[in-house]
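**Student:** Numbering (our numbering), first residue to last: 449 to 797.
Using N, Cα and C, we set each Cβ at its ideal position, and we do this for glycine too.
All values reported here derive from a predicted model rather than from experimental measurement.
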Amino acid sequence: MPASSDSPDRLRILQIGAGAMGTRRLRDLSARDDVEVRLFDRRDDRRRRAAERFGVETVATLDDGLGWEPDALVISTPPDTHDPFIEVALEHGIHHFCEENIWTYDHRVVDRVSRERGLVSAPSCSFFFLPIIQELERVVRDELGGLHAYQMLLSTYLPNWHPDEGPEFYARRRSTAAAREMVPFELVWLNRVFGAPTHVAGSVKESGRLGNSSEDTWSLQLDVGKGVGQLVVGHASPTDHRSGMAVGTNGRVAFDVFAGTITRELPELGIADHRSIGSQAADLEQAYAAEIAAFVDAVRGAAWPHDYLASSIATGALAAAESSARTGHRTAVDPDVQPARLPGHRHDE
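1. Report buried or exposed for T779, applying the criterion of at least 16 other Cβ atoms within 10 angstroms of its Cβ.
2. In the DSSP assignment, find the alpha helix (DSSP H) that holds R494 and state where it starts and stops.
3. Can you check DSSP and say which residues form a bridge with R723?
4. Can you name, in chain order, every residue of its own chain whose Cβ lies under 8 Å from the Cβ of F642, other than the five neighbours on each side?
5. Cα-Cα, which of E770, R789, P791 is closest to V781?
6. Give the straight-line distance between the Cα atoms of R490 and V705, rounded to the nearest whole angstrom.
7. From what residue to what residue does the alpha helix (DSSP H) around T805 run?
8. Taking the straight line between their C-alpha atoms, what separation do you get for S569 and Q734?
9. Return the chain-ordered list of same chain residues with a C-beta closer than 6 Å to the C-beta of S759, the five sequence neighbours on each side being excluded.
10. On a CA-only basis, which of F576, L578, G749, L766 is nearest S651? Give me that one, please.
11. Please classify V747: does DSSP put it in a helix, a strand, or coil?
12. A750: which of G566, D554, G659 sits nearest, CA to CA?
13. Would you mind sorting E505 into buried or exposed? The rule is 16 or more other CB atoms within 10 Å of its CB.
14. Could you tell me the boundaries of the beta strand (DSSP E) in which W637 lies?
15. Go ahead and label H754 buried or exposed: buried means 16 or more other beta carbons lie within 10 angstroms of its beta carbon, across all protein chains shown.
16. Would you kindly work out how many angstroms separate the C-alpha atoms of L578 and D731, rounded to a whole number?
17. With 16 as the cutoff for other CB atoms within 10 Å, does P527 come out buried or exposed?
18. Starting from D481, follow its DSSP beta bridges and name the residues at the other end.
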């Protein structure tokens, strides 16, 4: 339980939302002595659980939360509800952290207001803090040589996502479907490791038999500098995979994020090995804790490793893929063009 001191050195952080991610943020923030955290959530049951589990004060309205005069907001709500809270943060001059986006708020506005008002505006980049991704980034940067191509497959099973929640759970809705959300989530870290895409050819399909008349498979063919990439994300197969490989001028690197392994076959460097870095299951909660700690550090003056332009490129690549799937044409990635509200629609609809 956090210290009860009212020291001016303690940051006041208003946690917005107490779903799965919001609960993680409450857990990690409430364990810190240098932070005082309160929860805003409209649901009585979530406020009650948070108070019992973490000993935090809670509020039922945003106005009450803002009346507490927080230094920062942590926005952990469904991805189609982020924008109003970002606007509140910018309008009131409050630092903010926002969970992963499907639609990124206008990066030019965020950058301008943040510079003018000295704000930290931090879109999520959880996998930057995962040891397997950190090591993969090092291997690609220092050992792979010039990138020729990479492939990445993420397959999850939607019925296993929060089975205790009903159809109101955002990942079961067409606009915020699990696989759709995970395309930019994966691209945030893939772009950091392999480089951001300039053009995309995309395919979006309902391949499975979940019975919800919603797309469940996204495939992206990406132009990445002089190389190419391929990302496939699906949520309808009852198996889980998060793995890929990359080939470059020095050889091949294979990686399995779930298992936490990297295999290097780099004959130009005389390297051939298979190493266990740490599985996602073992390291993920620590990565979330490290991420929110890095946000607290950023509010106190440290650098944040990800910005709204980079987030806009990731979500813009999703928009380009869906546009390509609709038109049949390879499409440029434009960070100012964000996805349509529904797959298969134009972004301006």
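**Tutor:** Concretely, from the data shown:
1. buried
2. 492-502
3. I710
4. V588, L595, Y598, V672, G675, G677, A694
5. E770
6. 35 Å
7. Here the chain has residues from 449 to 797 only, and residue 805 is not among them.
8. 22 Å
9. N549, T552, P571
10. L766
11. helix
12. G566
13. exposed
14. Run containing W637: none in the beta strand (DSSP E); it sits in the alpha helix (DSSP H), 626-642.
15. buried
16. 7 Å
17. buried
18. BP columns for D481 are empty, so no partner.
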